[in-house]
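For the sequence shown, my numbering assigns the number 6 to the initial residue and increments by one for each residue that follows. Notes follow the structure.
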Amino acid sequence: MPPEGWSRAQRRLHGAIAVLVLAALAMAPVMVGLGYSQLLLKFLLYQAHKSVGLLVLLLAAALLALHAARGRPSPDPDLPAWQRLTARAMHAALFALLLAMPVLGYLTAASAPIAIPTFFFGLVPVPHLLAPDAARFAWLRGLHEWAGWSLALLLAGHAGMAIRHHLQGRATLRRMWRG
6 MPPEGWSRAQ RRLHGAIAVL VLAALAMAPV MVGLGYSQLL LKFLLYQAHK SVGLLVLLLA
66 AALLALHAAR GRPSPDPDLP AWQRLTARAM HAALFALLLA MPVLGYLTAA SAPIAIPTFF
126 FGLVPVPHLL APDAARFAWL RGLHEWAGWS LALLLAGHAG MAIRHHLQGR ATLRRMWRG
């Protein structure tokens, strides 16, 4: 039997992932747009962005494991079947992107033509398992950017639908906030 609500751990992981993804999305255009006259800031933002991405990967994997172990609450029975199906597909796409984005980012950094090291939150060196390759880097960077825009759109839709359901009097946000 599925649980009635989300556990405290599930809610906290969801919130942490949301904050981290928003931070990574906000950092991306700033770090890319900085000129080389601000090289130190550019380097620090890239390191922070990569660290946040790796942390999102770990937390998303933990949340998926927790969902598998504990289960997920049943969807609102008043929702039409097409909305339940759409919600399930959106959640699957969100998790796929939450796992793929950091991997694509890592592969992009690892294949960069200029071998710049990655340090997890400035402390732990993360080895690059790929050799520098300009063509692979360009392809992966484009894929990572495309996936980032896709993630941003899905997140906006996810949040928008949660607010819409709340305004319609459904318990969607209450279950997320209170379990």
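All C-beta atoms, glycine included, are put in the ideal place defined by N, C-alpha and C.
Between the Cα of residue 85 and the Cα atoms of 143, 179, 175, 180, which residue gives the shortest distance? On the sequence shown, residue 85 is found 80 positions in, with the first residue counted as 1. Residue 175 is the option with its Cα nearest to residue 85.
Inter-residue spacing [alpha-carbon to alpha-carbon] between residue 133 and residue 116: Start at 1 with the first residue of the sequence shown, and residue 133 comes out as number 128. Start at 1 with the first residue of the sequence shown, and residue 116 comes out as number 111. For residue 133 and residue 116, the distance between alpha carbons rounds to 8 angstroms.
Using a 10 Å radius around the Cβ and a threshold of 16 neighbouring Cβ atoms, would you call residue 102 buried or exposed? Residue numbering aside, residue 102 sits at position 97 when the sequence shown is read from its first letter. By the neighbour-count rule (16 or more Cβ atoms within 10 Å), residue 102 is buried.
What residue range does the alpha helix (DSSP H) around residue 48 cover? Position 43 of the sequence shown, counting from 1, holds the residue named residue 48. It spans 44-75 - the alpha helix (DSSP H) in which residue 48 sits, taken as one unbroken run.
Are three or more beta carbon pairs between the stretch 100-114 and the stretch 146-161 nearer than 8 angstroms? yes
Check residue 142 in the structure and name its three-state DSSP category. As a working mapping, residue 142 is identified with position 137 in the sequence shown. Of the three classes helix, strand and coil, the one that applies to residue 142 here is helix, per DSSP.
Cβ-based burial, residue 41 [other Cβ within 10 Å; buried from 16]: Counting from one through the sequence shown, the residue named residue 41 turns up at place 36. Answer is exposed; the Cβ neighbour count stays below 16.
What is the C-beta distance between residue 123 and residue 136, in whole angstroms, given that I count them as a contact (C-beta under 8 angstroms)? Counting from 1 along the sequence shown, the entry for residue 123 is found at position 118. Counting from 1 along the sequence shown, the entry for residue 136 is found at position 131. About 15 angstroms; that fails the 8 angstroms criterion.
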